[in-house]
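In the working numbering, the protein residues as written are 67 to 368.
Every residue gets a Cβ at the ideal spot worked out from N, C-alpha and C, and that includes glycine.
Let me begin by presenting the structure, written as structure tokens, before commenting on it.
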């Protein structure tokens, strides 16, 4: 049977399992053939990127000497795809680049444009109500590498949690990604902020208590609890909450949150997240780094 006649998902799954079985080269060939058929297959691109990342990581992660580990990670950077990880390469180059390496300089030259393109693309995708966890997690990873304040990274990961659907595999995968940066001692304060958000969510899902040392590190300043119930955006026939009122509603919600200096120590509850005021409120809270919980009047799926 020709490859094109076989479903896309089974072909991806075949490549995934080949990689898990250690047949990395075969998996790469399968994925590259898929991308020749469909260059815009983002899931195949993601699988391929993960294989390259894992291959790169394996070259240095077990080196005990920190300086040698950093050096090997930089030397093996040919495995990196030019995406968010390009920033990681630039941080390593600051330490270990000697002389005027044209390849390293070329990467540095494209960083400003790459940053702008990544931010624009990911932020546009993140605005979509149907944006998935990986889109929001990718934006959070970018914040780890380029943000000026760790709180920006923390807010980005909290927003990603809204699409995680209590999937601890997703969350652990993001933690594993951040642990790579930890091994390389890159932006530890930013990485720790992201890891803490993800670990807190896993503990919340599993109903586990935090470790004692983490309790001591947390700020003890008491926060506020905000309750919100909203209204959906109506059609022109209903004329209660029309689309043109959205911006005014957003301003009023932000004004109310500003009045009480709502921030990352605060907690927000809503009884819905389908449309209208609820979503505007949730977005405003997440932009402030707040923890948001949505309690729907439905039973948990079995």
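{"Query": "Residue burial classification, residue 113 (beta-carbon count within 10 angstroms, cutoff 16)", "Result": "buried"}
{"Query": "In DSSP terms, what residue 294 is bridged to", "Result": "336"}
{"Query": "Boundaries of the beta strand (DSSP E) in which residue 357 is found, first to last residue", "Result": "357-360"}
{"Query": "Cα-Cα separation between residue 233 and residue 105, rounded to whole angstroms", "Result": "29 Å"}
{"Query": "Rounded distance between the beta-carbons of residue 226 and residue 244, thought under 8 Å", "Result": "With 8 Å as the limit, residue 244 and residue 226 do not qualify as a contact, their Cβ atoms being about 12 Å apart."}
{"Query": "Other residues of its chain near residue 84: CB distance less than 6 Å, five sequence neighbours each side excluded", "Result": "92, 93"}
{"Query": "Which listed residue (78, 246, 116) has its alpha carbon closest to that of residue 132", "Result": "246"}
{"Query": "Residue range of the alpha helix (DSSP H) that includes residue 314", "Result": "312-325"}
{"Query": "For residue 338 and residue 354, believed in contact at Cβ under 8 Å, the rounded distance", "Result": "No, residue 354 and residue 338 are not in contact; Cβ-Cβ is about 20 Å, not under 8 Å."}
{"Query": "Residue 292 burial status per 10 Å Cβ neighbour count (16 or more: buried)", "Result": "buried"}
{"Query": "Check whether residue 210 and residue 289 have beta carbons under 8 Å apart", "Result": "no"}
{"Query": "Exposure label - residue 186; buried when at least 16 CB within 10 Å", "Result": "exposed"}
{"Query": "Residue 129: first and last residue of the uninterrupted alpha helix (DSSP H) it sits in", "Result": "Element bounds for residue 129: n/a, residue is neither H nor E."}
{"Query": "Residue range of the unbroken alpha helix (DSSP H) whose run includes residue 370", "Result": "The shown model of the chain, from 67 to 368, leaves out residue 370, and the question about it has no answer."}
{"Query": "Proximity of residue 127 and residue 249 at Cβ, strictly below 8 Å", "Result": "yes"}
{"Query": "Reduced DSSP secondary structure (H/G/I, E/B, other) of residue 76", "Result": "helix"}
{"Query": "Alpha-carbon spacing of residue 191 relative to residue 334, whole angstroms", "Result": "24 Å"}
{"Query": "Reference residue 348; option with closest CA among 199, 109, 182, 316", "Result": "316"}
{"Query": "Beta-carbon gap between residue 332 and residue 311 smaller than 8 Å", "Result": "no"}
{"Query": "Reference residue 313; option with closest CA among 134, 350, 266", "Result": "350"}
{"Query": "Residue 216 burial status per 10 Å Cβ neighbour count (16 or more: buried)", "Result": "buried"}
{"Query": "Per-residue DSSP class, three states only, for residue 308", "Result": "coil"}
{"Query": "Where residue 85 sits in the DSSP three-state scheme", "Result": "helix"}
{"Query": "Residue 268 versus 241, 129, 257, 253, residue with shortest Cα-Cα distance", "Result": "241"}
{"Query": "Own chain partners of residue 144 with C-beta closer than 7 Å, once the 5 adjacent residues on each side are dropped", "Result": "Here the model assigns residue 144 a pLDDT of 48, short of 50, so the residue's position is not dependable, and the following value carries that caveat. If we look at residue 144 and ignore the five residues flanking it on each side, it has no Cβ neighbours."}
{"Query": "Assumed close pair residue 263, residue 224 - CB separation to whole angstroms, cut-off 8 Å", "Result": "6 Å"}
{"Query": "Range of the contiguous alpha helix (DSSP H) that encloses residue 273", "Result": "Run containing residue 273: none; DSSP gives neither H nor E here."}
{"Query": "Among 275, 274, 319, nearest to residue 296 - alpha-carbon criterion", "Result": "319"}
{"Query": "Distance, residue 117 Cα to residue 108 Cα", "Result": "14 Å"}
{"Query": "Residue 364, enclosing alpha helix (DSSP H) - first and last residue", "Result": "Where residue 364 is concerned, there is no enclosing alpha helix (DSSP H), given that its DSSP letter is neither H nor E."}
{"Query": "Residue 75 to residue 273 span [Cα, whole Å]", "Result": "34 Å"}
{"Query": "C-beta atoms of residue 364 and residue 358 nearer than 8 Å", "Result": "no"}
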